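If you read the sequences in order, they're chains A and B. Position 267 of the first sequence, counted from 1, bears residue number 267 in the UniProt record's numbering, the numbering being contiguous throughout. Position 217 of the second sequence, counted from 1, bears residue number 217 in the UniProt record's numbering, the numbering being contiguous throughout.
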Amino acid sequence: MNIEQIFNDMSYGPAPEDNTKVVSWLADHKKGFGLYIDGQWQKPASGKYFDSVNPATGDKLGKVAQANDKDVNAAVAAARAAQPDWFGLGGHGRARYLYAIARLLQKHSRKLAVLETMDNGKPIRESRDIDVPLAIRHFYHHAGWAQLMATELPDHQPVGVVGQIIPWNFPLLMLAWKIAPALAAGNCVVLKPAEFTSLTAIMFAELCAEAGLPKGVVNIVTGDGSTGELIVKHDDINKLAFTGSTEVGRILRRATAGTGKKLTLELGGKSPFIVFDDADLDSAVEGLVDAIWFNQGQVCCAGSRLLVQEGVAEQVIEKLRVRMQSLRVGNPLDKAVDMGAIVDPSQRNQIAALVEQGVSEGASLYQPDIDMPANGCFYPPTLLTDVDSSNTVANVEIFGPVLSVLTFRTQQEAVALANNTRYGLAASVWSENINRALDVAPQIKAGVIWVNTTNQFDAACGFGGYRESGLGREGGLEGLYEYLKPKTFTLSQEKPAGKVSASKPAGNLPAVDQTTKFYIGGKQVRPDGGASLPVVGADGSVIGLVGDGNRKDIRNAVEAANGAAGWSGASGHNRAQILYFLAENLSYRADEFARRLAQSTGHAAARCMQEVDATVERLFYYAAWADKYEGRVHQPPMRGITLAMNEPFGVMGVVCPDNSPLLSMVSLLAPAIAMGNRVVMLPSEQHPLLATDFYQLLETSDVPGGVVNIVTGERDVLAKVLAEHLQVDALWYFGSKEGNGMVELASVANLKRTWAQGGAQYDWFAPDTQGQRFLQEACQVKNIWVPYGDAIQTGGGY
Amino acid sequence: MTAVKKKTAAASAKKRSNVVAPLFASRAIAERNPGTEFNARWLTDIAINQSAVERRIATLKGRRSVKKAWQSAWLLRAISCIDLTTLSGDDTPGRVKRLCAKARNPVRADIIDALGAQSLNVTTGAVCVYHVMVEEAVAALAGSGIPVAAVSTGFPACMAPIETRLAEIRASVAAGAAEIDIVISRRYVLNQQWDKLYDEVRAYREACGDARMKTIISTGQLATLTNVAKASMVCMMAGADFIKTSTGMESVNATLPVSLVMVRMIRKYFELTGFKVGFKPAGGISKAKDALDYLVMIKEELGVGWLNAALYRFGASSLLGDIERQLEHQVTGCYSASHRHPLA
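Okay, structure coming up:
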């Protein structure tokens with residue numbers, strides 16, 4: 001091309017990023033990359049390697065080691081050995097290392113960006129301007145948390161050794177999200193990068209060595225899924241952190257159920273991108289470019305479902321088609337490219353298959369008439385219209401550059417469609433009306449909401465999903481908690497009341513029959529099965545009968561709880577008033593509850609009155625918090641704010657322990673409802689009458705119907721039904737040790753948040769069985785990004 | 001008034017993608033924007049989100065890059081779109097003559113030769129002066145085909161009586177100005193008096209006659225991007241041939257975010273009427289790199305069809321000097337110095 005020609009056609013020429021330094025780094029490792037274990041580069045025990053390939057060219061980049069059980073065992077052992085000293089180094093010491101890593105990443109930022117682009121296929125613009133800077137920011141931010149941990153989180157300990165498995169879509173960034181908080185909190189890690197993209201993790205390990213990080217603190221083992229499985233199943237790992245598909249996330253949930261291992265999962269999504277008719281439509285279209293054509297759409301939180309208001313739908317779709325025409329797809333190392341390569345042919349085939357399926361189910365396909373590279377693994381930007389809500393492409397995560405469009409009529413319909421998914425990772429809301437945007441954001445069941453923006457991330461702002469998009473958060477204080485363990489609850493020194501078998505009551509006249517019912521939807525309800533269980537008092541006499549609950553009773557209770565959604569939207573003040581009123585009514589009937597405790601547990605009268613008093617105080621305590629346990633306001637590096645809101649899960653199952661049956665029940669129930677959850681409660685199986693007496697208090701204390709539902713019966717049988725119920729969003733289990741694993745396993749289907757603390761008899765009078773920890777477990781954090789600004793700098797003239 | 005050509009968005013978009021890059025030096029717009037009736041409804045659905053606009057601009061710079069031969073060609077194109085400007089109280093005939101000479105030969109001949117760009121006969125897009133300098137400039141540019149633009153209507157504050165302002169336009173046209181850069185009453189924008197703004201600009205347009213009208217909206221005094229967008233739309237309805245950001249005298253002149261908003265309004269107006277309106281950012285664009293950023297934005301948002309002097313201008317005085325240095329660097333591989341290039 002000569003200058004005159006270019007002058008006339010005003011074309012873009014090639015603008016390749018220089019990759020010579022990375023090419024020579026790859027040449028230095030021609031013999032194969034090692035495993036980084038215990039501060040040493042080691043050959044894989046198996047002697048096996050697999051190729052790492054540049055998806056844009058098909059060129060082989062190097063040989064990556066396949067770690068086997070010996071390697072993984074060595075890595076875990078190294079991490080275990082290093083952990084006490086790493087934590088013992090203290091917050092300041094750890095902060096210095098994290099700071100050093102951040103600085104080193106900064107110093108080698110271009111090399112990392114180029115390597116990432118060559119290994120993954122993403123445009124250099126993204127690896128250079130987004131992935132690497134965010135990774136650096138993550139280490140700086142967490143150097144800060146390391147420094148502050150001793151003073152700000154005094155009651156917390158590191159979990160120990162953490163196994164981390166990361167995906168191929170943001171290899172270095174996901175590594176940073178995993179390693180920075182783990183190290184800050186005093187843990188040591190064994191990290192496995194994705195099979196397709198191991199190279200930046202290897203370069204990172206070299207930087208760890210350069211930073212002088214003590215050996216064993218960070219261990220990088222490469223390999224395929226089998227290596228990941230070895231980490232998942234390793235006995236000496238205390239916590240697993242995984243980012244990847246929901247399918248694999250479920251496998252991890254199953255594998256860790258009942259092991260006591262902590263687990264965080266960042267999984268898939270089908271995130272809505274909602275455009276109202278009062279939005280800045282040109283900007284919304286540009287937002288879609290960032291939402292679905294960022295990283296070729298291989299983003300868990302990609303805005304892959306466009307929900308556009310009918311009145312502007314045609315206009316937006318036309319603007320999109322025009323915009324797609326100027327997207328440039330090609331060599332990802334070219335600085336003027338919008339979309340690079342798909343990570344692997346297998347992935348591209350999957351995208352193509354899903355698009356074909358969508359079209360066969362009625363969708364209309366649009367792909368712009370743009371130049372596509374002749375070779376390499378590429379897929380064009382794709383728009384699917386005429387997509388109805390039953391179409392596969394409206395529901396399934398495609399993980400490619402494919403946007404599905406649906407329309408809506410009203411705000412209510414937009415919210416309903418947005419929430420019409422099993423996932424709940426992120427959402428974008430576009431409207432120039434602040435009232436509308438801030439009304440919609442809390443109604444969407446997703447962990448991150450972007451108002452008039454999309455795909456924004458920051459180390460200070462938590463990221464993570466609702467529903468089947470995951471468990472836990474990354475980033476922010478909420479993310480740090482995932483790498484910490486609070487002190488275990490104080491154990492009770494009291495002798496547990498033994499189970500007594502029924503004896504014949506003395507006397508001639510039968511006592512007045514006391515057959516209690518369930519409490520469902522604000523009404524006393526007879527058991528569906530028409531069966532009752534006798535309740536035996538401490539003295540062996542039958543002190544009453546309770547309903548023997550079954551699956552249908554649980555179903556009805558969950559229905560009632562689900563219907564009481566108004567409670568989650570009630571003000572903290574309102575919820576506090578009701579908790580205070582409960583306390584007031586309990587205090588009126590203190591003597592009666594104390595007598596019941598004595599009758600059921602056999603404890604002395606004074607001890608029983610003490611429990612009632614403590615219960616009244618506990619209600620006060622959580623009433624006090626109801627309007628105070630609030631979120632945070634983050635100020636990420638943008639003009640705007642991020643609101644971290646504590647939101648209730650929705651429907652919660654609460655399974656109560658047997659000891660201190662009144663106090664323990666209220667210790668669990670009160671924080672759950674204080675935060676706005678609606679509860680299905682399974683009271684102590686041994687002392688259920690406290691709960692059935694308690695519903696009379698609920699009735700007289702203005703607790704709205706459906707907020708608290710009580711079903712008695714065989715606790716673990718019913719707990720399993722609750723755990724399996726897809727409408728139940730979270731489950732607290734304080735039953736038996738075996739029950740912990742049972743509920744964790746049973747909750748796999750909808751990945752509900754479980755808090756399984758069964759198997760120990762806690763001291764419910766101790767100061768640590770009341771506190772913010774319960775509130776924290778009763779809610780999830782939603783981060784709402786709200787950029788603002790409407791004034792341009794003005795002035796001047798004569 | 002000429003009837004408005006209404007087109008569906010789809011048809012106009014199709015037309016845009018079919019646009020062939022116009023030949024250089026075709027400064028005349030094939031179909032001049034006749035303006036439309038004042039249409040308040042076109043203003044009501046204008047919504048501009050400042051943060052999103054700024055994000056587009058922030059990432060745009062990283063999304064495109066022109067290097068080597070492409071950079072040289074793009075910079076020559078930039079020169080061809082410059083309204084080489086002097087607007088100073090101490091302007092003299094001698095100063096204006098020198099500027100016009102530079103407009104005819106903006107780049108040293110040896111550099112043009114080395115680039116192989118002789119056949120392009122690159123000149124600047126126009127020379128822009130105050131009214132009293134129009135005659136001098138017209139004489140100095142005789143035979144070059146380079147038009148003279150005059151700033152007018154009580155530039156820069158627009159606080160002169162309307163009769164004076166209209167008379168000034170007529171006087172400049174009579175003196176030979178082919179382009180008139182008018183200023184608007186900012187008070188109409190700040191007080192949302194869109195019909196008054198329309199009437200004012202419409203009157204200017206009539207006074208311009210066959211001269212092309214560039215409407216300077218002084219974005220640095222309009223407070224919000226939504227105001228910028230609406231003022232742009234009103235000026236186009238009133239018959240603007242170009243919409244222009246700034247006088248160069250406001251404390252904030254052309255910026256990329258403000259320009260993006262105006263350019264998107266040009267696209268919207270094109271979709272509504274089928275007429276192409278030009279864009280002229282002015283003030284503060286003094287580096288070759290800045291000029292490339294603007295050209296990239298135009299190409300991305302409007303298409304290559306807008307990348308010529310008929311539809312795009314830079315209002316600048318020192319930009320040319322930086323481009324000359326960059327071009328010499330392209331040729332020699334050595335960084336250049338300003339004293340090696342003839343003074344404008």
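Note that the Cβ used here is the ideal one computed from N, Cα and C, for glycine as well. Values in this document were obtained by computation on a predicted structure and should not be read as measured data.
Residue contact with chain B for residue 1 of chain A: present (Cβ-Cβ distance below 8 Å to some residue of chain B).
Between the alpha carbons of residue 555 of chain A and residue 665 of chain A lies a gap of roughly 21 Å. Residues of the stretch 109-138 of chain B with a C-beta less than 7 Å from any C-beta of chain A: 115, 116, 117, 119 and 120, listed in chain order. Counting the other Cβ atoms within 10 Å of the Cβ of residue 121 of chain B gives fewer than 16, which makes it exposed.
Of the candidates A:400, A:174, A:382 and A:320, A:400 places its Cα closest to the Cα of residue 346 of chain A.
Beyond the five residues adjoining it in sequence on each side, residue 444 of chain A comes within less than 6 Å, by CB distance, of 418 and 427 in the same chain, given in chain order. In terms of Cα proximity to residue 224 of chain A, the closest of A:104, A:488 and A:69 is A:69.
Here residue 183 of chain B really is in contact with residue 154 of chain B; their C-beta atoms are around 7 Å apart, less than 8 Å. If you draw a straight line from the Cα of residue 767 of chain A to the Cα of residue 496 of chain A, it comes to about 20 Å. When B:222, B:101 and B:339 are compared, the shortest CA-CA separation from residue 123 of chain B is found for B:101. For secondary structure counted as the alpha helix (DSSP H) over 4 or more consecutive residues, the stretch 719-790 of chain A holds these complete runs in sequence order: 737-746 and 772-777. With distances taken between CA atoms, residue 283 of chain B lies nearest to B:294 out of B:276, B:142 and B:294. Burial of residue 146 of chain A is indicated by the presence of at least 16 other C-beta atoms within 10 angstroms of its C-beta.
CA-CA distance, residue 434 of chain A to residue 641 of chain A, rounds to 14 Å. For residue 474 of chain A, the three-state secondary structure derived from DSSP is strand.
Cβ-Cβ separation between residue 683 of chain A and residue 710 of chain A: approximately 6 Å, consistent with a contact (criterion under 8 Å). In this structure residue 606 of chain A is not in contact with residue 678 of chain A, their Cβ atoms being roughly 36 Å apart against a cut-off of 8 Å. The C-beta distance from residue 377 of chain A to residue 342 of chain A rounds to 5 Å, short enough to fall under 8 Å. Taking 8 Å as the upper bound for CB-CB distance, residue 200 of chain A and residue 168 of chain A are not in contact here, some 11 Å apart.
Beta-bridge partners assigned by DSSP to residue 709 of chain A: A:680. For the options A:688, A:232 and A:316, the alpha carbon positioned closest to that of residue 537 of chain A is the one of A:688. Excluding its 5 nearest sequence neighbours in each direction, residue 653 of chain A has C-beta neighbours in its own chain below 6 Å: 680, 722, 728 and 731, listed in chain order.
The alpha-carbon of residue 192 of chain A is positioned some 5 Å away from that of residue 165 of chain A. Here the alpha carbon of residue 314 of chain A sits roughly 34 Å from the alpha carbon of residue 220 of chain B.
Put simply, the stretch 247-262 of chain A touches the stretch 746-760 of chain A. At least three CB pairs are less than 8 Å apart. When Cβ-Cβ separations below 8 Å define contact, residue 224 of chain B makes contact with chain A.
Setting aside the 5 residues that flank it on each side, residue 50 of chain B is surrounded in the same chain by 224, 225 and 257, each with a C-beta closer than 8 Å to its C-beta; the list follows chain order. At least one CB of chain A lies nearer than 8 Å to the CB of residue 264 of chain B.
At least one beta carbon of chain A lies nearer than 8 Å to the beta carbon of residue 76 of chain B. Residues of chain B whose Cβ lies closer than 7 Å to the Cβ of residue 279 of chain A are, in chain order, 47.
Residue environment: residue 122 of chain A is assigned as buried (16 or more neighbouring CB atoms within 10 Å of its CB, all protein chains considered). Taking the Cβ atoms as the reference, residue 420 of chain A lies roughly 37 Å from residue 373 of chain A, outside the contact range of under 8 Å. Nearest in C-alpha terms to residue 134 of chain B, of all of B:151, B:144 and B:246, is B:151. Chain B has no Cβ within less than 8 Å of the Cβ of residue 127 of chain A. Residue 676 of chain A sits close to residue 567 of chain A, with the two beta carbons spaced by under 8 Å. In the structure shown, residue 450 of chain A adopts extended strand secondary structure according to DSSP, grouped into three states.
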